[in-house]
Structures are given as C-alpha cells and as structure tokens.
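At position 238 of the sequence shown (counting the first as 1) the number is 327 in our numbering, and the numbers step up by one without a gap. C-beta: ideal position from N, C-alpha, C; glycine also. Fair warning: this is a prediction, and the values are worked out from it, not measured in the lab. Below is one structure, written out as structure tokens; comments come after it.
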Amino acid sequence: MAQHSHERVLEALRNESEAALQERAEAVEPPPTLAEAASRPASAAFDLIAEVKLRSPAAGRLADNHDAAAALPARALSYAAGGAAAVSVLTEPSRFDGSLQHLADVAAALKPAGVPAMRKDFLVSPYQLLEARAAGAGGVLLIAAMLDDAVLAELLALARSLGLFVLLEAFDAEELTRCGRLLDSASHGTVLVGLNSRDLRTLEVDAGRFAALKDGFPGGVVRVAESGVGDAADAAEVATMGYHCALVGSALMTSNDPQQTVQQMLHAGREAAALRGAT
Numbered sequence: 090m091a092q093h094s095h096e097r098v099l100e101a102l103r104n105e106s107e108a109a110l111q112e113r114a115e116a117v118e119p120p121p122t123l124a125e126a127a128s129r130p131a132s133a134a135f136d137l138i139a140e141v142k143l144r145s146p147a148a149g150r151l152a153d154n155h156d157a158a159a160a161l162p163a164r165a166l167s168y169a170a171g172g173a174a175a176v177s178v179l180t181e182p183s184r185f186d187g188s189l190q191h192l193a194d195v196a197a198a199l200k201p202a203g204v205p206a207m208r209k210d211f212l213v214s215p216y217q218l219l220e221a222r223a224a225g226a227g228g229v230l231l232i233a234a235m236l237d238d239a240v241l242a243e244l245l246a247l248a249r250s251l252g253l254f255v256l257l258e259a260f261d262a263e264e265l266t267r268c269g270r271l272l273d274s275a276s277h278g279t280v281l282v283g284l285n286s287r288d289l290r291t292l293e294v295d296a297g298r299f300a301a302l303k304d305g306f307p308g309g310v311v312r313v314a315e316s317g318v319g320d321a322a323d324a325a326e327v328a329t330m331g332y333h334c335a336l337v338g339s340a341l342m343t344s345n346d347p348q349q350t351v352q353q354m355l356h357a358g359r360e361a362a363a364l365r366g367a368t
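Next comes the structure, spelled out in structure tokens:
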C-alpha cells in the first residue's frame with residue numbers, strides 16, 4: 090500500500106507541480122477545527138470520528154448501489170447531526186474505492202455544520218497533505234508503521250503549518266513510544282494518537298490490544314481507539330479504559346440509522362467516561 094501511495098504521488102505530480110498545489114491549497118478557506126475530547130472536562134471526555142468508505146479489505150463492499158459515492162456527503166451529515174467530532178473519508182482507490190473527490194464532496198457538505206473532514210489514506214508525502222488541504226480537509230491520518238521518524242516529523246510540521254489536525258496511528262507499544270518522542274507541547278490539541286486493534290498486514294482484529302496498551306500512550310494526548318468498536322457497548326468499554334475517542338467505520342456504514350447509532354455510541358461512551366472520572 091505504501092508503494093502504491095508513492096506511485097500515486099508521482100502520477101499526480103505529472104498533472105500538477107507541488108508549488109502549484111501548495112498555492113491552490115493555501116487559497117482554500119480554512120476548514121472547521123476539531124472540537125476534540127481534550128477540550129471537555131476530563132470526566133466526560135469521549136468523542137467519535139465517524140468514517141465514510143465504500144469498501145473495506147476486511148468487510149468487503151459496504152455500499153451496494155451505483156449511487157453510493159454520491160450518497161457519502163448525506164451519510165457524513167447524518168454523522169455530524171448525531172454529534173461526531175469529525176468525519177474520516179477514505180481516499181485510497183485500489184482497496185477502498187476511495188478518491189479525493191469523495192473528500193472534497195464530504196468536506197463541502199460538512200463545512201456549514203462546523204465539522205471537519207479527515208483524509209484517511211496511506212499517506213507518505215507532503216504532497217498528499219497539500220492535496221488534503223486543497224480538498225477542504227481539516228485533518229489527516231498518519232500511520233507510524235509506514236513512515237520513519239524523519240518523514241513523520243516533516244509531515245507533522247507541515248500539517249501544523251496547514252492548520253490540519255493529525256490522527257497519528259500506532260499498532261504496538263514500540264510505535265506508541267515513537268509517537269511520544271515525536272510530539273512536543275505544541276502538538277497537544279492538534280495531534281491525536283490512535284491505537285489500531287487491526288493488524289494491517291493480516292487484517293485480524295485483536296480488541297484485547299486496547300486494554301493491554303492503554304497505559305502506553307504519551308502523556309497528555311487525546312487517545313483514540315481504532316477498529317473493533319462496533320456498538321455502544323464497545324464504545325463504553327474503551328471509554329472505561331481511558332480512551333477519549335473512537336474511530337468507527339464499518340459499523341456506521343452498515344447502519345440503517347447512522348445518526349442514531351452515533352448518538353448511542355456517544356451516550357454510552359460519555360456515561361462510561363463520567364463514571365470512570367467519578368471513581
């Protein structure tokens with residue numbers, strides 16, 4: 090996936106130089122900011138980043154009708170109406186049927202609601218952060234396993250200069266430690282650290298990883314549980330462990346009432362977070 094991502098950057102550069110893209114990105118109006126869980130009282134801190142995607146390598150096709158892409162903005166708006174803090178948009182084309190146009194469409198739909206869109210992809214280059222900003226995104230996902238420290242530091246600095254929040258994704262204790270080394274006090278509030286319970290190489294989910302690694306996060310960051318959160322009970326469980334947010338995709342894409350599902354997850358997560366804070 091990383092190799093394919095590099096190839097996509099080279100192809101895009103043939104159509105638009107990085108300088109031209111940067112000029113276009115800087116001309117776009119600022120996106121909505123992320124009202125992350127850290128801005129709330131610690132006892133009630135729990136949020137959702139809700140995801141739109143057409144396909145998942147693990148779950149297969151998630152939207153069957155031929156107008157599925159056109160329906161993504163409406164689904165994103167239902168997430169926002171349910172209280173989602175941000176909407177993640179898959180832009181990877183080969184395994185997720187995503188595109189930058191999906192990101193642009195969702196970001197435009199969400200802007201009046203004051204909810205940012207986040208580009209979720211296998212990002213490897215500064216060019217791709219500029220693409221995200223030009224499409225109206227307010228945030229990006231960066232996967233620690235794919236990037237060395239120098240590249241991660243470069244992308245984190247660029248994201249900050251572009252006004253993008255970052256969800257920095259780790260898979261194990263070593264990567265959580267790496268994330269901590271790369272962050273400084275200025276990162277707090279703009280960089281969230283996520284733990285993905287799905288191994289991207291095997292696609293297997295190990296929900297026990299959330300409990301096993303909950304104490305391995307850098308201090309002072311918003312902690313995000315990624316993958317394996319499928320219902321309100323799961324949201325309550327990770328909130329009880331001290332996670333401030335969950336990234337939820339397939340469960341919402343297959344929900345017949347995504348707004349209600351978001352509301353139920355948030356209610357359960359916030360109740361559990363409040364109880365945890367009171368004990």
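Status (buried if at least 16 other CB within 10 Å, exposed otherwise) for P162: The residue you call residue 162 lines up with position 73 of the sequence shown. The residue is buried, with at least 16 neighbouring Cβ atoms inside 10 Å.
DSSP three-state assignment for E220, whether helix, strand or coil: For the purposes of this step, residue 220 is taken as residue 131 along the sequence shown, with counting starting at 1. DSSP places E220 in helix when its eight states are reduced to three.
Range covered by the alpha helix (DSSP H) that runs through V327: As a first step, residue 327 must be located in the sequence shown, where it is residue number 238. Run containing V327: 321–329, per the alpha helix (DSSP H) assignment.
Rounded straight-line distance, which links the Cα of E140 to that of A159: Position 70 of the sequence shown, counted from the start, is the residue given in the question as residue 159. Position 51 of the sequence shown, counted from the start, is the residue given in the question as residue 140. Answer to the nearest angstrom: the Cα atoms are 15 angstroms apart.
Three-state secondary structure (DSSP) of E315: Position 226 of the sequence shown, counted from the first residue, corresponds to residue 315. Note: E315 maps to strand in three-state DSSP.
DSSP state of G283 mapped onto helix, strand, coil: For the purposes of this step, residue 283 is identified with residue 194 of the sequence shown, where counting begins at 1. DSSP places G283 in strand when its eight states are reduced to three.
Same chain only: Cβ atoms within 8 angstroms of L236, ignoring 5 sequence neighbours per side: Position 147 of the sequence shown holds residue 236. The answer, listed in chain order, is V213, L244.
Cβ-Cβ distance between H333 and A134 below 8 angstroms: Stepping through the sequence shown from its first residue, residue 333 is reached at position 244. Stepping through the sequence shown from its first residue, residue 134 is reached at position 45. Yes.
Proximity to P119 [Cα-Cα], best of F260, V310, G317, P205: Locating residue 119 in the sequence shown gives position 30, counting from the first residue. Checking every option, the nearest Cα to that of P119 belongs to P205.
Span of the beta strand (DSSP E) around R208: The sequence position of residue 208 within the sequence shown is 119, counting from 1. From DSSP, the beta strand (DSSP E) with R208 extends over 206–209.
Which of helix, strand or coil DSSP assigns to E397: This structure gives no information on residue 397, because the portion of the chain shown stretches from 90 to 368.
Own chain partners of L219 with C-beta closer than 6 angstroms, once the 5 adjacent residues on each side are dropped: By one-based count along the sequence shown, residue 219 stands at place 130. Same-chain partners within the cutoff: L110, Q111, A114.
Classification of H191 by the beta-carbon crowding that lies within 10 angstroms, buried from 16 upward: Residue numbering aside, residue 191 sits at position 102 when the sequence shown is read from its first letter. Under this definition H191 is a buried residue.
Sequence-distant residues of its chain with Cβ nearer than 6 angstroms to L179 (five each side left out): Indexing the sequence shown from 1 puts residue 179 at position 90. Once the five neighbours on either side are set aside, the close Cβ partners of L179 are K142, F185, G187, K209.
Sheet register partners of S183 (DSSP bridge): Along the sequence shown, one-based indexing puts residue 183 at 94. Answer is none; S183 lacks a bridge partner.
Residue range of the beta strand (DSSP E) that includes L336: As a working mapping, residue 336 is identified with position 247 in the sequence shown. Unbroken beta strand (DSSP E) run through L336: 334–337.
CA-to-CA distance, V310 to L364, given in whole angstroms: What you label residue 364 is simply residue 275 of the sequence shown in a count that begins at 1. What you label residue 310 is simply residue 221 of the sequence shown in a count that begins at 1. L364 and V310: Cα-Cα distance of roughly 20 angstroms.
V337 beta carbon less than 8 angstroms from that of R312: Taking the first residue of the sequence shown as 1, we reach residue 312 at position 223. Taking the first residue of the sequence shown as 1, we reach residue 337 at position 248. Contact flag unset, no.
Pair within 8 angstroms by beta-carbon distance, F306 and L265: Along the sequence shown, read from residue 1 onward, the residue named residue 306 stands at position 217. Along the sequence shown, read from residue 1 onward, the residue named residue 265 stands at position 176. Yes, the pair counts as a contact, with Cβ atoms nearer than the cut-off.
C-beta contact flag for G228 and L189 at 8 angstroms: Numbered from its first residue, the sequence shown carries residue 228 at position 139. Numbered from its first residue, the sequence shown carries residue 189 at position 100. No, these two residues do not count as a Cβ contact at 8 angstroms.
Which of helix, strand or coil DSSP assigns to A160: Taking the sequence shown and counting its residues from 1, one reaches residue 160 at position 71. Reduced to three states, the DSSP call for A160 is helix.
Whole-angstrom C-beta distance between A202 and A169, which should lie under 8 angstroms: Position 80 of the sequence shown, counted from the start, is the residue given in the question as residue 169. Position 113 of the sequence shown, counted from the start, is the residue given in the question as residue 202. A169 to A202, Cβ: 4 angstroms. Contact.
Rounded C-alpha distance that separates N285 from S106: If you number the sequence shown from 1, residue 285 lands on position 196. If you number the sequence shown from 1, residue 106 lands on position 17. Going from the Cα of N285 to the Cα of S106 covers about 34 angstroms.
Alpha-carbon spacing of A328 relative to A301, whole angstroms: Numbered from its first residue, the sequence shown carries residue 328 at position 239. Numbered from its first residue, the sequence shown carries residue 301 at position 212. Spanning the two alpha carbons is a distance of roughly 14 angstroms.
Contact belief for L231 with E258 at Cβ below 8 angstroms, rounded distance in angstroms: Taking the sequence shown and counting its residues from 1, the one referred to as residue 231 is at position 142. Taking the sequence shown and counting its residues from 1, the one referred to as residue 258 is at position 169. That belief holds up - the Cβ atoms of L231 and E258 are roughly 7 angstroms apart, short of 8 angstroms.
Simplified DSSP assignment, three categories, for E258: As a first step, residue 258 must be located in the sequence shown, where it is residue number 169. Strand, per DSSP.
Alpha-carbon to alpha-carbon, V195 and A97: If you number the sequence shown from 1, residue 97 lands on position 8. If you number the sequence shown from 1, residue 195 lands on position 106. A quick correction: the sequence has Arg, not Ala, at residue 97. Looking at the two C-alpha atoms, the distance is approximately 21 angstroms.
Local Cβ density within 10 Å of D323, reported as buried at 16 or more and exposed below that: If you number the sequence shown from 1, residue 323 lands on position 234. Its Cβ being crowded by 16 or more others within 10 Å, D323 is buried.
For S177, three-class secondary structure by DSSP: Within the sequence shown, numbered from 1, the residue matching residue 177 stands at position 88. Here S177 sits in strand by DSSP.
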